[in-house]
Structure formats: structure tokens, C-alpha cells
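First the structure, in the form of C-alpha cells, and then the observations on it.
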Amino acid sequence: MNPILEAVIAVLMVSGGAFTLAGAIGLARLQDFYSRLHAPTKATTVGVGSITLSSMIYFMATTGALALNEGLIMVFLFLTAPISANMLAKAAMHLRVQQAENTKGQAWDQ
Amino acid sequence: MIAIALKITIVMVSLAVALNVYRLVKGPDAPDRILALDSLSINAIALILLLGISINSRLYIESALLIAVMGFIGTVALAKYLKRGSVIE
Amino acid sequence: MIKGRFGLPMPILSLALFLVWQALNDGVTGGSVVMGLLLAWLLPLATRNFWPDRPGIKHPLRFSFYVVRVVFDIIVASAEVALIVMIPGRQPKTAFVSFPLELEHPLAISTLASTISLTPGTVSADISDDNTLLLIHVLDLDDEAKLIETIKRRYERPLREIFS
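Residue numbers (numbering that gives the first Met the number 0), protein chains in the order written: chain A, 0 to 109; chain B, 0 to 88; chain C, 0 to 163.
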């Protein structure tokens, strides 16, 4: 395989893994539920999207055929991540999940 | 080069899975656990894709697609259950 | 657009169905093109009565520019969130902010809410009953007025032009 293409695949893969790990670290160490919500919706989505892209390029380079399933996975992840975050935030506000002491402003539930 | 990158990435995603399981066990509230389950399903997609690259086969890509769909539906159903007390009204 | 009983009532949905079918088949072959065209024709016809009002994207080209910009912003925002998370021992200054909406079309509002969730360190949490306020949670807040200004300038105005 072309060495430049190989480097692109490797960089995309490792940066995707790093983003996924950052999302998980955020989920594990942030202080309250609402701030924990940020890490998986942004970092993990981008991380897995990057791994998907690297898999797509890898199979297109090795087989020479179009690899479109990964594109579908990526689009689906990016479309659904904000929706599930929104549903979880609504559920948490309904259950009055504790917010951190230093939070500015209030959650309203109606 | 890809082989080394693959090993590094699998280690990082596995660490992410371990941290997600920590949050799943610790909680403290139900939304936290659902969020951890959602992240676990997304990490499972990443692991399946990495498996596909490492054995050079596209056999498992469709299961990754199914996990993406089912993980989303599961998260939405659980969140809706917490908010309303029922999934389908 | 072809009207009538057997026409294409929703051309954008038909195009999306065709493209998704090619993606599901993992490549463009003769069989997948035929099946995709058939599905793109029949599914909108069969589900026509379930669509309450037609979403009105006025400028498809400008919408694709908007998507490109949002994808770029998503990458930048994730890097920022990853950096905030990685600094050990620091808990970010979180805040709830009420964002006054100028958009009216439901599809435009949900596009804006999804964009807010994915981009600048914010998650949209709830919308008021009269569709005028959006509650957003900010991970690391510096200046509330500046944040609202940025969202209005960068995302809400283009969306208002696209969905007018």
C-alpha cells in the first residue's frame, strides 16, 4: 500500500482512539451528570467517527471497491448523538438529578 | 505501521470501555448508567471496526451498523421510560 | 418535481432513500441501483400521509455549506472538550443558560438544537412550551452574552436564511 495512505489511516485511527479515551475519562471524572453528558456526545462521537473513516479508507485502498457501510454508520452516529443527549438531559431534569454546587443558573423542568 | 496503530488504538478503546464500566457500576443516578451504556455501545462499534481491520474482513461491519441502531433506540427508550414511566403511550 | 398520484411527492426524501440503499449495499451495483430506485419511488408514496408538514429547505446549496462548517466546528469543539477533560484536578465552570430563539420552524429549531449539542462545549437540554427559549448547559462558561452572540451569528442566522 501507498505509505502516505498508510500514514493517514494510522493517524486517523490513533486520534480516534485518543478522542474515545478522552470521552471516557470525561465520563468517569467530571463532577455532575450534566457535565458528564458533554464528553460522550462530543469526544466519543468524533473519536468513533474518525475510526470509521480510517476503516473506510483502509478497505477502499486494499480492495479497490467502494466501502459505503462505514459512511452510513458515521452519519447515523452524528445524527443520533445530540438526540440521545437531549433525551437524557430531559430525563435527568425530570428526576431532579443533583447539579454541582458551583453551577451558574438553574435547570427548569416543565 | 497500521499494525502498530491498531494495537495502540485497541488498547485505548479498551481503557475507555473500562472507564465506562466504572461509571456504569458507580452511578450514582439512573441517567448516569444509561449514558454509560450508550457510550459502551458506541465503543463496541469502534472495537468491531478495529477487529474488521485487524482480520482484514468486512464480515462484521453490518453488526456494527445494527449495534449503532439498537444502541440509539435502547437509549431513547430508557430515557423516555425514566421521564414518563412508560415507553409507548 | 413530478406531481400526481404516482409521482414523487418528496424528492429530497427519495434521493436520501436511494443514497442510503446504496450505502447499505456497500457499493453501487446494477441490482442495488434498481432496488434503490424502486424504494425511492414507493416508500414516499406509501408513507405520504404520515408526514405532517413538508420541511422547507429553501437553499440546498447553502445548507451544504452550513453542514461543512458544522463538521469543522465539531472537530474543534471535541478537541476543546478533550483538553478540558484531560487537565488533571480541574473542574470546569458549568452553567445553565437560557437562549432566546428567533427561529420558528420546528425543523429549523431541532437543527439548531442538534448543532448546539455537537459544537461549542454546550448541550441543548430543553425547550420552553411556547418555543421561544432553549435551555442549554455549558461545560466551561466564560461570558454568557458572548456565547449567545456567537451561536446567533454563527448558526442561527444562516439557519434562518436556509429555512425561511
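No residue lacks a Cβ here, since even glycine has one placed at the ideal position from N, Cα and C.
Fair warning: this is a prediction, and the values are worked out from it, not measured in the lab.
By alpha-carbon distance to residue 17 of chain C, the top candidate from C:7, C:142, C:158, C:32 is C:32.
Interface flag for residue 45 of chain A against chain C is set, since a Cβ pair is found closer than 8 Å. Beyond the five residues adjoining it in sequence on each side, residue 19 of chain B comes within less than 7 Å, by CB distance, of 35, 38, 39, 42 in the same chain, given in chain order. Secondary-structure assignment with DSSP links residue 125 of chain C through a beta bridge to C:134. Contact note: residue 91 of chain C reaches chain A through 34, using a C-beta cutoff of 7 Å and chain order. For the alpha helix (DSSP H) assignment, the uninterrupted runs of no fewer than 4 residues enclosed by the stretch 10-59 of chain B are, from N- to C-terminal side, 29-53. With respect to the 8 Å criterion, residue 94 of chain A and residue 33 of chain B are not classified as neighbours on the basis of their beta carbons. It is roughly 18 Å from the alpha-carbon of residue 45 of chain A to the alpha-carbon of residue 10 of chain B. Judged by DSSP in its simplified three-state form, residue 97 of chain C adopts strand. DSSP links residue 57 of chain C through a beta bridge to no other residue. A residue is called buried when at least 16 other Cβ atoms come within 10 angstroms of its Cβ; residue 72 of chain B does not meet this threshold and is exposed.
Between residue 19 of chain A and the set A:74, A:1, A:5, A:51, the nearest pair of CA atoms involves A:51. Looking at the DSSP output, residue 103 of chain A shares a beta bridge with C:94.
Between residue 86 of chain A and chain C, the shortest Cβ-Cβ separation is not below 8 Å. Residue state for residue 162 of chain C is assigned as coil, using DSSP reduced to three classes. Contact between the stretch 54-67 of chain A and the stretch 13-31 of chain A is absent: fewer than 3 CB-CB pairs across the two stretches fall below 8 Å.
Taking a Cβ-Cβ threshold of 7 Å, none of the residues of chain A is close to residue 58 of chain C; the smallest such distance is about 21 Å. For residue 42 of chain A, the C-beta contacts it makes with chain C under 8 Å involve 77, 80, 81, 84, in order along the chain. Going by DSSP, residue 73 of chain A is part of the alpha helix (DSSP H) stretching over 68-93. Beta-carbon to beta-carbon, residue 155 of chain C and residue 111 of chain C are separated by about 6 Å, close enough to satisfy the 8 Å threshold.
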